[in-house]
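Protein chains in written order, with the numbering used here: chain S, -7 to 287; chain Y, 252 to 750.
Notes follow once the structure below has been shown.
Quick look at the structure:
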């Protein structure tokens, strides 16, 4: 009614760009002021940015920027901050006896989570992300209750620290099953394989052969694997009377194992991981479901 | 570069300063009351205490971002219960629809924080610089010592209010008494200072400088509201059929117009033509009282406008004038479009309840209530103990040395009590299965107060049992709070060797 709005489009003498499509003309209106000033500000900002931050490509590398920022430096600082934040609990993790970690819920929680991260980074390549191992390659399953070198948390810690059959650590777990292909005849190997096949209660594939293999087993194998085949974790001799076979429990695989022997290896980790890392990953592995607790 | 002829007109409209005049009346009083209540709620709420036991915060309303908890008096919301927040937002949305369809922009006019804080800032402005005319004079005069003093005083007061506003906000996110001390001793987190600074700036700029421009240019709600309003929506309007043609009233004109005898007219010593004019004039005396009090700087007599937030201050201003000149109140008043049509044709107004109770508002109310009832029911039936079960699929099962087949489940146990609780884990299954919990001798685990515990649970099928050789066996994992005896369960499956 009485209020009047000033509408710039009421004026008919607005300049056009001269473009015309189907009679529709394009106004040549100026950019809004706020837009223009924002645009100028971004130009100024952009120039300042290339001075303050790494930007201009040079022949080798790029200008480093006055502020000396780098994403790698940022990451390093982040990592240092995280390590500093965990310093106290890592100290506790190392000073508390491994068997007593589960008694402290917070410390145990930290150890399991930290151990899981260490495991995924350093162990999962062989033992698998779910810790089920790879039977065809002889990487042991860490979830079950069958341990070559012992399943207490201390024994696991020792194995991780020093590894198995490696030249890098004088204290590495070491054992050497003879290559029976060079000692026994083919028939003796077949007989002892048939006997070993029955140790965990399976029906013999060939009862005569199995019976014939018992003597050889007691003479050649029982020293390490024990007369009943229960194995000896001090010597790294696997139990043969249980349901778990590291390399496979079918007859052909047993023959292959006896003939050529198996020398699985594991690197020592004590020089590559921190003490806290090893304590954590030992705790984690021990609590995967197969850990042995000594009474 | 360009001549005056081809210079295009500017698209920039500079803000015209608005100096709302002081007004009193029933709507103004209502607005004062709402301001006190809303600001009171905002500033006081974080300081209310609520005892939840030793292990939980005692702040009545607390958004604990670090621990992912929302506390509201006796209610505690966990992240997986975010639907309560979503439901409240839906209720707020439908509530706005309801109020808008019934009463127009009543939210904007009375309770919107932008309106409330602007009102507060204008109040401060009037206390320091004086009422409308004094403020206009002050704007026009040169910068002398008095103007500097008044302006600086005003800005400092605004800034104090702004800091208090921004400061109060962060108390909702941390223990208020602790944070209050930390803020002043420079021990608070940088995020707290950043938030305070940001909200101080927005309060100062929105309440002090931008004011109505926020509503006109920045806020999307006024655009949406147009779709909510119809001819039955009660909103602020000017009765132009009563007020027009507007004009200045002379003393005695009303009486003169009412008189029919020419002799009497002469007695009032008024020229004949002027009496004619006064007879034709409406009730509006064009005093501009309604315009002067408007915080949006509009003239309500132009009809409904985009800028109008229906704060009703013009009603108070006009009623005051009508009282003075002896005319009935309500030249400007709350009415619906249909009322306007009825009044123009001389019919009586439609009763207010008929405007309010109509299909649209009833539907909004029903929707609003349905969501509300749903939320309340959900609040009462939600358990204090709950579990989720994730079967470990890498590997699907493990063979133990004696031939036992073992499955592993990652079970998350939630304890919403403010104290540690022992949870007993058990299973039911048609097959004979055995359950064990990692790190526990008897299948009972302690779940710390108000937290979630991730527990590895093992289920074993004895060697050569049917479950060990079958592909899949049904299984239900149960957890029982051994203190309160509450139970929760999840169905899952046991995977055998699948021979």
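Even glycine gets a Cβ: it sits at the ideal position worked out from N, Cα and C.
- No residue range can be given for residue 670 (chain Y), since it is assigned to no beta strand (DSSP E) and is classified by DSSP as neither H nor E.
- Listed along the chain, the chain S residues whose CB falls inside 8 Å of the CB of residue 689 (chain Y) are 279 and 281.
- Each of Y:454, Y:489 and Y:496 was checked against the Cα of residue 582 (chain Y), and the nearest Cα belongs to Y:489.
- Here residue 171 (chain S) is actually not in contact with residue 273 (chain S); their C-beta atoms are around 33 Å apart, not less than 8 Å.
- Not a single CB atom of chain S sits nearer than 7 Å to the CB of residue 287 (chain Y).
- For residue 553 (chain Y), the closest of Y:572, Y:471, Y:664 and Y:495 by C-alpha to C-alpha distance is Y:495.
- Legend: CB atoms of the stretch 221 to 246 of chain S lying less than 8 Å from CB atoms of chain Y belong to residues 231, 234, 235 and 236.
- If you ignore the 5 residues before and after residue 278 (chain Y), its C-beta comes within less than 8 Å of the C-beta of 562, 563, 564, 566 and 567, all in its own chain and listed in chain order.
- For chain Y, the residues of the stretch 86 to 117 of chain S that bring a beta carbon within less than 7 Å of one of its beta carbons are 94, in chain order.
- With the criterion set as a beta carbon lying under 8 Å from some beta carbon of chain S, the members of the stretch 696 to 729 of chain Y are 697, 699, 707, 709 and 714, in sequence order.
- Note on geometry: alpha-carbon atoms of residue 134 (chain S) and residue 125 (chain S) lie some 7 Å from one another.
- By the CB criterion at 7 Å, residue 282 (chain S) and residue 645 (chain Y) fall outside the cutoff.
- When the alpha-carbon of residue 468 (chain Y) is set against those of Y:572, Y:266, Y:331 and Y:618, the nearest one is in Y:266.
- Using a Cβ-Cβ distance cut-off of 8 Å, the stretch 178 to 192 of chain S and the stretch 242 to 250 of chain S are in contact, since at least three pairs of beta carbons, one from each stretch, lie closer than that value.
- Counting the other Cβ atoms within 10 Å of the Cβ of residue 649 (chain Y) gives 16 or more, which makes it buried.
- Beta-bridge annotation (DSSP): residue 675 (chain Y) is paired with Y:695 and Y:731.
- In chain order, 309, 310, 311, 322, 324 and 325 place their CB closer than 8 Å to the CB of residue 301 (chain Y), counting only its own chain and leaving out the 5 sequence neighbours on each side.
- Taking a C-beta cut-off of 8 Å against chain Y, the contacting residues of the stretch 23 to 44 of chain S are 24 and 25, listed in chain order.
- For residue 636 (chain Y), the uninterrupted beta strand (DSSP E) segment begins and ends at 636 to 642.
- Cβ-Cβ distances below 8 Å link residue 154 (chain S) to 161, 163, 164, 165, 260 and 262 in the same chain, with the five nearest sequence neighbours on each side left out; the list follows chain order.
- Nearest neighbour of residue 316 (chain Y) by Cα position, chosen from Y:305, Y:329, Y:306 and Y:304, turns out to be Y:329.
- Remark: C-beta atoms of residue 720 (chain Y) and residue 236 (chain S) do not approach each other more closely than 7 Å.
- Against chain Y, the CB of residue 122 (chain S) has a partner CB under 7 Å away; the residue lies at that interface.
- Residue state for residue 330 (chain Y) is assigned as helix, using DSSP reduced to three classes.
- With the rule of 3 Cβ pairs closer than 8 Å, the stretch 85 to 100 of chain S does not count as touching the stretch 69 to 76 of chain S.
- Listed in chain order, the beta strand (DSSP E) elements of length 3 or more contained wholly in the stretch 210 to 267 of chain S amount to none.
- Between residue 217 (chain S) and residue 229 (chain S), the gap from beta carbon to beta carbon is short of 7 Å.
- Taking C-alpha positions only, residue 290 (chain Y) is separated from residue 44 (chain S) by approximately 45 Å.
- Residue contact with chain Y for residue 138 (chain S): present (Cβ-Cβ distance below 7 Å to some residue of chain Y).
- With a threshold of 16 other beta carbon atoms within 10 Å, residue 50 (chain S) falls short and is exposed.
- When DSSP reads this structure, residue 740 (chain Y) sits in a beta bridge with Y:729.
- Nearest neighbour of residue 338 (chain Y) by Cα position, chosen from Y:620, Y:383, Y:604 and Y:412, turns out to be Y:620.
- With the criterion set as a beta carbon lying under 7 Å from some beta carbon of chain S, the members of the stretch 659 to 682 of chain Y are 659, in sequence order.
- For the alpha helix (DSSP H) assignment, the uninterrupted runs of no fewer than 4 residues enclosed by the stretch 133 to 203 of chain S are, from N- to C-terminal side, 145 to 154 and 178 to 190.
- The stretch 292 to 363 of chain Y is shown to contain whole beta strand (DSSP E) runs of 3 or more residues at 312 to 315, 320 to 323 and 326 to 328, in chain order.
- The stretch 436 to 446 of chain Y makes no contact with the stretch 346 to 359 of chain Y: fewer than 3 CB pairs, one atom from each, lie closer than 8 Å.
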